[in-house]
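Residue numbers (our numbering), protein chains in the order written: chain A, 38 to 150; chain B, 862 to 977. Using N, Cα and C, we set each Cβ at its ideal position, and we do this for glycine too. Report on the structure given below.
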Amino acid sequence: DTAVSQTPKYLVTQMGNDKSIKCEQNLGHDTMYWYKQDSKKFLKIMFSYNNKELIINETVPNRFSPKSPDKAHLNLHINSLELGDSAVYFCASSQVGAYEKLFFGSGTQLSVL
Amino acid sequence: AQTVTQSQPEMSVQEAETVTLSCTYDTSENNYYLFWYKQPPSRQMILVIRQEAYKQQNATENRFSVNFQKAAKSFSLKISDSQLGDTAMYFCAFMKRNNAGNMLTFGGGTRLMVKP
Numbered sequence: 038d039t040a041v042s043q044t045p046k047y048l049v050t051q052m053g054n055d056k057s058i059k060c061e062q063n064l065g066h067d068t069m070y071w072y073k074q075d076s077k078k079f080l081k082i083m084f085s086y087n088n089k090e091l092i093i094n095e096t097v098p099n100r101f102s103p104k105s106p107d108k109a110h111l112n113l114h115i116n117s118l119e120l121g122d123s124a125v126y127f128c129a130s131s132q133v134g135a136y137e138k139l140f141f142g143s144g145t146q147l148s149v150l
Numbered sequence: 862a863q864t865v866t867q868s869q870p871e872m873s874v875q876e877a878e879t880v881t882l883s884c885t886y887d888t889s890e891n892n893y894y895l896f897w898y899k900q901p902p903s904r905q906m907i908l909v910i911r912q913e914a915y916k917q918q919n920a921t922e923n924r925f926s927v928n929f930q931k932a933a934k935s936f937s938l939k940i941s942d943s944q945l946g947d948t949a950m951y952f953c954a955f956m957k958r959n960n961a962g963n964m965l966t967f968g969g970g971t972r973l974m975v976k977p
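Rendered as structure tokens:
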């Protein structure tokens, strides 16, 4: 049973397309995150949701829109994909106020051609 | 804002030997957590070790231990008896205690190669 699962694992698409990445956690955590890992392996927070409410938005372009239908899901929709969006996107979850630790999904490698 | 610096982009070690990865951070916070994550070629982010800033005792997990120097804002990772499976990217990360969310700030990573 995967704790944090994200789909798809690989996504190859053309510039200008719209795509979504889905994330689900079965840990009962109240907070979920999206991180972006660029080609140089640098990891940076994009968004954080606590109980379905957006609490962190780190100057991400408006083309990126996270959606949290419930505490267990945090999806990432990207409009008008650009070459620079090519990266690995990680979903993670944690329980704030408990044992502070982030559980990561296995990542989605997005390639924009 | 917090920053995390890993000054060694790449390191190598012979199997069974010991290696130390460096990490420094900058923060005005007094209450925080520090982590080392491992990312093997499979891409999965794996928590190696965790340190709470208010604890003076250095964390240890089997072959992995840290040297936490709070005043110097230094958090190095020591891997003893290195194994081939330790080959991976290693990321140092900082987390501020925050009731709104546990955001991790990562260093740039150190690529470790364990040689047979």
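What does a CB cutoff of less than 7 Å around residue i pick up in its chain, not counting 5 residues either side in sequence?
| i | result |
| --- | --- |
| residue 94 (chain A) | 84 |
| residue 941 (chain B) | 879, 924 |
| residue 890 (chain B) | 957 |
| residue 908 (chain B) | 896, 898 |
| residue 54 (chain A) | 118 |
| residue 865 (chain B) | 884, 886, 953, 954, 955, 966, 967, 968 |
| residue 915 (chain B) | 892 |
Measuring CA to CA, which of the options is closest to residue i?
| i | options | result |
| --- | --- | --- |
| residue 879 (chain B) | B:945, B:977, B:939 | B:939 |
| residue 963 (chain B) | B:937, B:895, B:883, B:899 | B:895 |
| residue 922 (chain B) | B:957, B:906, B:910, B:914 | B:910 |
| residue 946 (chain B) | B:914, B:931, B:975 | B:975 |
| residue 133 (chain A) | A:65, A:54, A:46, A:44 | A:65 |
| residue 875 (chain B) | B:935, B:943, B:897, B:866 | B:943 |
| residue 69 (chain A) | A:79, A:43, A:54, A:97 | A:43 |
| residue 59 (chain A) | A:78, A:115, A:97 | A:115 |
| residue 952 (chain B) | A:79, A:126, A:71, A:72 | A:79 |
| residue 96 (chain A) | A:48, A:127, A:77, A:82 | A:82 |
| residue 949 (chain B) | B:916, B:973, B:914 | B:973 |
Does DSSP classify residue i as helix, strand or coil?
| i | result |
| --- | --- |
| residue 107 (chain A) | strand |
| residue 67 (chain A) | coil |
| residue 122 (chain A) | helix |
| residue 971 (chain B) | strand |
| residue 888 (chain B) | coil |
| residue 881 (chain B) | strand |
| residue 149 (chain A) | strand |
| residue 62 (chain A) | strand |
| residue 52 (chain A) | coil |
| residue 96 (chain A) | coil |
| residue 43 (chain A) | strand |
| residue 89 (chain A) | coil |
| residue 78 (chain A) | coil |
| residue 137 (chain A) | coil |
| residue 129 (chain A) | strand |
Assign residue i to one of two classes, buried (16 or more other C-beta atoms within 10 Å of its C-beta) or exposed (fewer than that).
| i | result |
| --- | --- |
| residue 994 (chain B) | With chain B represented from 862 up to 977, any question about residue 994 (chain B) goes unanswered, as that position is not in the structure. |
| residue 111 (chain A) | buried |
| residue 121 (chain A) | exposed |
| residue 968 (chain B) | buried |
| residue 52 (chain A) | exposed |
| residue 892 (chain B) | exposed |
| residue 137 (chain A) | buried |
| residue 965 (chain B) | buried |
| residue 87 (chain A) | buried |
| residue 48 (chain A) | buried |
| residue 77 (chain A) | exposed |
| residue 977 (chain B) | exposed |
Here's a check: name, in chain order, each residue in its chain whose Cβ is nearer than 8 Å to the Cβ of residue i, leaving out the five neighbours to either side.
| i | result |
| --- | --- |
| residue 50 (chain A) | 56, 118, 147, 148, 149, 150 |
| residue 106 (chain A) | 89, 112 |
| residue 869 (chain B) | 882, 883, 971 |
| residue 140 (chain A) | 40, 41, 62, 64, 66, 129, 130, 131 |
| residue 919 (chain B) | 912, 926, 927, 928, 929 |
For residue i, which residues of its own chain have a beta-carbon under 6 Å away from its beta-carbon, when the five flanking residues on both sides are left out?
| i | result |
| --- | --- |
| residue 888 (chain B) | 863 |
| residue 75 (chain A) | 124 |
| residue 877 (chain B) | 942 |
Segments of 3+ residues assigned as beta strand (DSSP E) that fall wholly inside the region 893-949 of chain B:
893-900, 907-913, 925-930, 935-940
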